[in-house]
Amino acid sequence: MSLTITNPIATQMLLQSMIAKKERALPEYVAILQRPLAQRDSTSDIADRLYYFLGSDTNAASADRNAYAKLEVPVAILWGDKDTITPVEQGHDLRTLLPTDTDLTLLPGLGHIPQIEDPGLFNDALLKTIGKL
Numbered sequence: 014m015s016l017t018i019t020n021p022i023a024t025q026m027l028l029q030s031m032i033a034k035k036e037r038a039l040p041e042y043v044a045i046l047q048r049p050l051a052q053r054d055s056t057s058d059i060a061d062r063l064y065y066f067l068g069s070d071t072n073a074a075s076a077d078r079n080a081y082a083k084l085e086v087p088v089a090i091l092w093g094d095k096d097t098i099t100p101v102e103q104g105h106d107l108r109t110l111l112p113t114d115t116d117l118t119l120l121p122g123l124g125h126i127p128q129i130e131d132p133g134l135f136n137d138a139l140l141k142t143i144g145k146l
């Protein structure tokens, strides 16, 4: 899998699989995603990290569902309502774990990488959210 991730040909397909607006997998975004992958040993480094990235690390702080309620900093969640990588149901679940004043803002028609899919909508929602914090 790490070899696929670092393959320039596969990067656009992987990006398209993460977003609802497939046409937003623009060459400039693919180039940005590819830049760190051109570094020496990136394929083996990614292979080493995949174990943790895919959620196999049960010692990760994020694996402790009770830890979220203990956060003492303001939290806001922006979530693409068409996210198929991390479905919106998980956003609602995360919201229930956080302090009660946490907002979950759904971004209509957007997937896992909303800042690429609709930068204007994302930036507006981000600025509005920051203004509330």
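Numbering (this note's numbering), first residue to last: 14 to 146.
Beta carbons: idealized from backbone N, C-alpha and C, even for Gly.
Since the model is a prediction, treat every value here as computed from it, not as a measurement.
Secondary structure of Ile90 (DSSP, three-state): strand. The alpha carbon of Lys145 has as its nearest neighbour, out of Thr115, Arg62, Pro121, Ala74, the alpha carbon of Thr115.
Secondary structure of Leu120 (DSSP, three-state): strand.
In the three-state DSSP reduction, Ala73 falls in the coil class, being neither helix nor strand. Lys34 and Gly133 have their C-alpha atoms roughly 14 Å apart. Distance check between Thr109 and each of Lys83, Ile126, Pro127 places Lys83 closest, using alpha-carbon atoms only. Within the model, the alpha-carbon separation for Asn136 versus Ala74 is close to 28 Å.
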